[in-house]
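Reading through the structure tokens given below for one structure.
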Amino acid sequence: MTMKIRKGDTVQVISGRNRGTRGQVLRRLPSDDRVVVQGVNVRKKHQRQVQAGGRTMNPGIIQFEAPIHVSNVMLVCPKCGKPSRIGLRREDGTSRRVCKNCDSLIDA
Numbered sequence: 002m003t004m005k006i007r008k009g010d011t012v013q014v015i016s017g018r019n020r021g022t023r024g025q026v027l028r029r030l031p032s033d034d035r036v037v038v039q040g041v042n043v044r045k046k047h048q049r050q051v052q053a054g055g056r057t058m059n060p061g062i063i064q065f066e067a068p069i070h071v072s073n074v075m076l077v078c079p080k081c082g083k084p085s086r087i088g089l090r091r092e093d094g095t096s097r098r099v100c101k102n103c104d105s106l107i108d109a
């Protein structure tokens with residue numbers, strides 16, 4: 002099954018502790034069915050000072066966005082501004098994404 006969410010899309014989290022927050026998709030991980038959303042599922046990592054390749058990584062606490070499952074997010078339609086399901090419509094041999102609420106093309 003293909004992922005209907007792409008990099009740069011605005012999505013809204015529909016379940017979990019970050020429910021209701023909107024963010025932009027930074028990265029897709031299609032093999033794991035996960036996406037990385039800006040400002041969602043922020044984790045902290047305690048980093049030790051490491052020397053590798055002549056460079057030193059500074060120690061400290063690093064914050065980063067961890068991946069979230071694609072079933073926990075919904076795409077926000079650019080036209081109606083609501084989170085909606087996505088359909089695919091084939092035209093001229095290419096498939097386009099369509100909003101199920103307002104029936105408008107997302108890839109315009």
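Offset between the sequence shown (1-based) and the numbering used here: plus 1.
A virtual CB, placed ideally from N, CA and C, is assigned to each residue, including glycine.
Taken atom to atom, the span from the alpha-carbon of Leu30 to that of Gly24 is near 17 Å. According to the DSSP assignment, Cys100 belongs to the beta strand (DSSP E) that extends over 95-100. Judged by DSSP secondary structure, Leu106 falls outside any beta strand (DSSP E); it is assigned neither H nor E. Going by DSSP, Lys83 is part of no beta strand (DSSP E) at all; its letter is neither H nor E.
Closest option to Gly40, judged by alpha-carbon separation, among Arg49, Pro68, Lys5, Cys78: Pro68. Between Val26 and Gly54 a beta carbon distance of about 31 Å is seen, past the 8 Å cut, so the two are scored as non-contacting.
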